[in-house]
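J.: For the sequence shown, the numbering used here assigns the number 134 to the initial residue and increments by one for each residue that follows.
The beta carbon of each residue, even a glycine, is placed where N, CA and C say it ideally should be.
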Amino acid sequence: GETRLDYGRPEVRQYILDTVRLWLKDCCLDGLRVDSTIYLRNVKGNNDDPDNDLPDGWQLLQRITDLSRKLNPSVLLIAEDVACNDYIVKSVGEGGAGFMSQWEVTFPSVLRNALDAINDNDRNLTEVCQALTHGYSGDAFKRVVYSDSHDSASNGGARLSEQISPGNPTDLFARRRSLLASCIVLTAPGLPMLFQGQEFLQGGSLNDWQELKWD
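1. Output the boundary residues of the beta strand (DSSP E) element that contains R142.
2. A291 to D181, Cα distance in whole Å?
3. So what does DSSP say about A212, is it helix, strand or coil?
4. Check this for me: beta carbons of V277 and I211, under 8 Å apart or not?
5. Is the distance from the Cβ of Q329 to the Cβ of L345 below 8 Å?
6. Tell me which same chain residues have a C-beta within less than 6 Å of the C-beta of S285, skipping the five on either side of it?
7. Please classify G134 as buried or exposed, where buried requires at least 16 neighbouring CB atoms within 10 angstroms.
8. Hey, could you find the ends of the beta strand (DSSP E) V243 is sitting in?
9. So with Cβ pairs under 8 Å, would you call G228 a contact of chain B?
10. So what does DSSP say about G336, is it helix, strand or coil?
11. By DSSP, does G134 sit in helix, in strand, or in coil?
12. With DSSP run on the structure shown, which of helix, strand or coil describes Q331?
13. Drop a sphere of 10 angstroms on the beta-carbon of L155, count the other beta-carbons inside from all chains shown, and report buried for 16 or more, exposed for fewer.
14. Could you give the distance in angstroms between the alpha-carbon of G164 and the alpha-carbon of V176?
15. Spell out a yes or no on whether the region 255-269 and the region 298-306 are touching, meaning 3 or more CB-CB pairs, one atom from each, closer than 8 Å.
16. Note down the Cα distance separating S315 from S280, rounded to an integer number of angstroms.
17. Please report the straight-line C-alpha distance between G336 and P299, rounded to a whole angstrom.
18. What is the rounded straight-line gap between the Cα of E237 and the Cα of T136?
19. Name the DSSP bridge partner or partners of L165?
20. Let me check understanding here. Comparing Cα to Cα, which of T239, G289, A216 and S282 lies closest to L265?
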């Protein structure tokens with residue numbers, strides 16, 4: 134059966150909007166990241182799929198961003214949409230969802246493929262160039278760029294340093310490649326995001342019960 138919330142019900146919308154108000158007003162957060170917005174706006178999580186679009190879900194996204202800005206005009210609003218849809222970061226007045234920025238979900242896989250290659254002939258620099266130059270409405274800050282995340286480092290995956298050098302993520306080879314990935318992220322057009330532990334080459338995979346090795 135369908136387990137998605139009914140975004141068309143006033144009490145459901147109000148509950149979600151009250152939660153937004155709680156985080157921004159009562160808890161004094163300066164931003165929100167909304168997870169999997171593509172499933173809020175489409176039944177099957179597809180892009181450009183009008184037959185399965187959820188107009189009530191799209192309207193809810195617009196109301197979330199509109200309310201957030203009323204509560205805090207400088208609020209940081211980020212969507213994890215996974216579809217690179219321009220309208221996610223267009224204003225509500227333009228028919229968009231009104232988010233400030235969205236995750237550039239293809240960015241980490243492109244970096245991983247390039248940095249994990251041993252031989253230069255196996256490295257697709259055209260793909261890297263395309264990832265660096267892609268954007269939305271000519272505004273570099275409408276996308277969040279990163280080389281690692283909770284998605285790529287868990288669910289059967291591993292952190293970038295671990296993928297580069299399995300079992301020995303702190304060796305020189307892994308350090309060099311991981312440092313290069315961080316340099317690209319921090320200098321590429323976009324909002325850079327560092328994954329927890331990335332700055333000191335935490336290895337292995339991400340899980341909820343293993344603490345970071347701060348030493």
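T.: From the atom records:
1. Membership of R142 in any beta strand (DSSP E) is not indicated, and neither H nor E is assigned to it by DSSP.
2. 31 Å
3. In the displayed model, A212 falls within a strand according to three-state DSSP.
4. yes
5. yes
6. P241
7. Below a pLDDT of 50, predicted positions are generally treated as unreliable, and G134, at 45, falls in that range; the measurement from the model is reported next regardless. Its Cβ having fewer than 16 others within 10 Å, G134 is exposed.
8. Here V243 belongs to no beta strand (DSSP E); instead the alpha helix (DSSP H) covers F240 to D249.
9. You won't find chain B in this structure, because it holds only one protein chain.
10. coil
11. A caution first: G134 carries a pLDDT of 45, below 50, which makes its placement in the model unreliable, though a value can still be read off. Three-state DSSP puts G134 in coil, outside helix and strand.
12. Shown here, Q331 sits in a helix according to DSSP, grouped into three states.
13. exposed
14. Inter-residue distance for G164 and V176 is about 26 Å (C-alpha atoms, whole angstroms).
15. Taking 8 Å as the limit for Cβ pairs, the verdict is that the region 298-306 does not touch the region 255-269.
16. 7 Å
17. 9 Å
18. 28 Å
19. L210
20. T239
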